[in-house]
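Take a look at the structure set out below.
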Amino acid sequence: MGRMVLRICHLYPELMNIYGDRGNIIALKRRCEWRGIEAEISLLSLEDKPDPRLYDLFFIGGGQDREQEMVCHDLQKVKGEALREAHAAGACFLAICGGYQLLGHYFRTWKGEVLPGIGIFDAWTVGGETRFIGNVVAEWEDGGGRRTLVGFENHSGRTRLGPHSRPLARVKVGHGNNGEDGWEGCRCGNAFGTYLHGSLLPKNPWLADEIIRLALSRRYGEVELEHLDDSLEERAHAAAVRRAAGKRGG
Ligand code: GLN
Numbered sequence: 097m098g099r100m101v102l103r104i105c106h107l108y109p110e111l112m113n114i115y116g117d118r119g120n121i122i123a124l125k126r127r128c129e130w131r132g133i134e135a136e137i138s139l140l141s142l143e144d145k146p147d148p149r150l151y152d153l154f155f156i157g158g159g160q161d162r163e164q165e166m167v168c169h170d171l172q173k174v175k176g177e178a179l180r181e182a183h184a185a186g187a188c189f190l191a192i193c194g195g196y197q198l199l200g201h202y203f204r205t206w207k208g209e210v211l212p213g214i215g216i217f218d219a220w221t222v223g224g225e226t227r228f229i230g231n232v233v234a235e236w237e238d239g240g241g242r243r244t245l246v247g248f249e250n251h252s253g254r255t256r257l258g259p260h261s262r263p264l265a266r267v268k269v270g271h272g273n274n275g276e277d278g279w280e281g282c283r284c285g286n287a288f289g290t291y292l293h294g295s296l297l298p299k300n301p302w303l304a305d306e307i308i309r310l311a312l313s314r315r316y317g318e319v320e321l322e323h324l325d326d327s328l329e330e331r332a333h334a335a336a337v338r339r340a341a342g343k344r345g346g
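Numbering (the numbering used here), first residue to last: 97 to 346.
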């Protein structure tokens with residue numbers, strides 16, 4: 097087989113980018129390149145229509161309510177159908193915070209305005225008067241209980257999952273989806289939604305690799321990724337766990 101190419105579509109890069117969400121794209125690109133896999137990144141913003149067959153991975157970061165409103169209109173008018181088609185055909189998605197909310201059924205802001213979503217996640221979000229802010233440690237469900245995910249959350253939205261979604265992780269420290277049911281994030285087919293900024297993937301390389309593997313397998317069948325030396329990433333992860341645990345204790 098020739099050189100593999102991972103085609104990534106970065107949605108609304110200038111509007112949806114909080115706490116270094118863009119770092120997720122850098123991590124994906126580097127982890128591909130270290131293995132000799134080419135990562136092709138296309139930036140799509142307002143009014144750009146994606147070709148649902150072209151991309152294997154879609155990424156959308158977090159945003160404030162104001163940016164979310166602009167993006168919501170564009171998703172409804174321009175991109176929603178193509179993104180739903182890509183998801184149904186097995187493309188991978190990673191959606192952070194405000195992006196996660198807009199890929200669900202709707203986000204009702206704390207002011208009561210309803211922003212319709214595109215329904216890739218069977219989930220809905222209602223803004224509360226207080227914000228959930230702080231470090232998060234969660235146990236990744238698909239990691240067989242062995243893998244934690246770390247990140248930083250800052251959101252007013254409380255997200256609930258419907259029966260067609262499964263939670264991504266169980267919260268150990270922090271609030272996650274809604275601060276009540278103990279879940280963080282969501283998985284629907286090959287779409288991952290999460291409240292974790294930070295950015296997420298550099299400090300959680302096992303999740304980065306799972307996403308790369310799933311995204312590549314759509315075009316290339318079962319793919320086994322070459323092992324990388326993640327000692328630096330693991331140290332960053334462990335430091336984030338310690339920091340979060342310290343805060344909980346104090
Ligand atoms: N505006 C949304 C909320 O407050 C998302 C914020 C974010 O992406 N950090 O819930």
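Even for Gly, the Cβ is constructed at its ideal location relative to N, Cα and C.
Per-residue burial, residue i [other beta carbons within 10 Å of its own, 16 or more giving buried]
i: proline 259; result: exposed
i: valine 210; result: exposed
i: serine 327; result: exposed
i: lysine 207; result: exposed
i: leucine 107; result: buried
Spatially closest choice to residue i from the options, by CA coordinates
i: glutamate 110; options: Glu235, Phe155, Ala287, Thr221; result: Phe155
i: asparagine 273; options: Arg309, Gly224, Arg118; result: Gly224
i: aspartate 238; options: Glu165, Trp302, Glu329; result: Trp302
i: serine 261; options: Trp279, Ile307, Gly253; result: Trp279
i: cysteine 105; options: Pro146, Ile133, Leu142, Arg118; result: Pro146
i: alanine 340; options: Val232, Lys125, Leu107; result: Val232
i: alanine 184; options: Ala336, Arg314, Leu171, Asn113; result: Arg314
DSSP three-state assignment for residue i, whether helix, strand or coil
i: lysine 268; result: strand
i: asparagine 113; result: coil
i: isoleucine 121; result: helix
i: arginine 99; result: coil
i: tryptophan 130; result: coil
Integer-rounded CB distance, given that residue j should sit under 8 Å from residue i
i: glycine 213; j: leucine 199; result: 6 Å
i: proline 148; j: alanine 178; result: 5 Å
i: tyrosine 196; j: tryptophan 220; result: Going by Cβ atoms, the distance from tyrosine 196 to tryptophan 220 rounds to 11 Å, so no, they are not a contact pair.
i: cysteine 282; j: phenylalanine 217; result: 5 Å
i: isoleucine 133; j: leucine 153; result: In fact, because the Cβ distance is near 12 Å, the residues do not count as touching under 8 Å.
i: leucine 321; j: isoleucine 308; result: 6 Å
Scan the segment 157-242 and note each continuous alpha helix (DSSP H) run of 4 residues or more that stays entirely inside, going in chain order.
-> For the segment 157-242, whole alpha helix (DSSP H) runs of length 4 or above, ordered along the chain, are 161-170, 176-184, 194-198.
Write down every uninterrupted run of the alpha helix (DSSP H) in the segment 265-316 whose length is 4 residues or greater and which is fully enclosed by it, in chain order.
-> Taking only runs of at least 4 residues, the alpha helix (DSSP H) segments lying wholly in the segment 265-316 are 296-299, 301-316.
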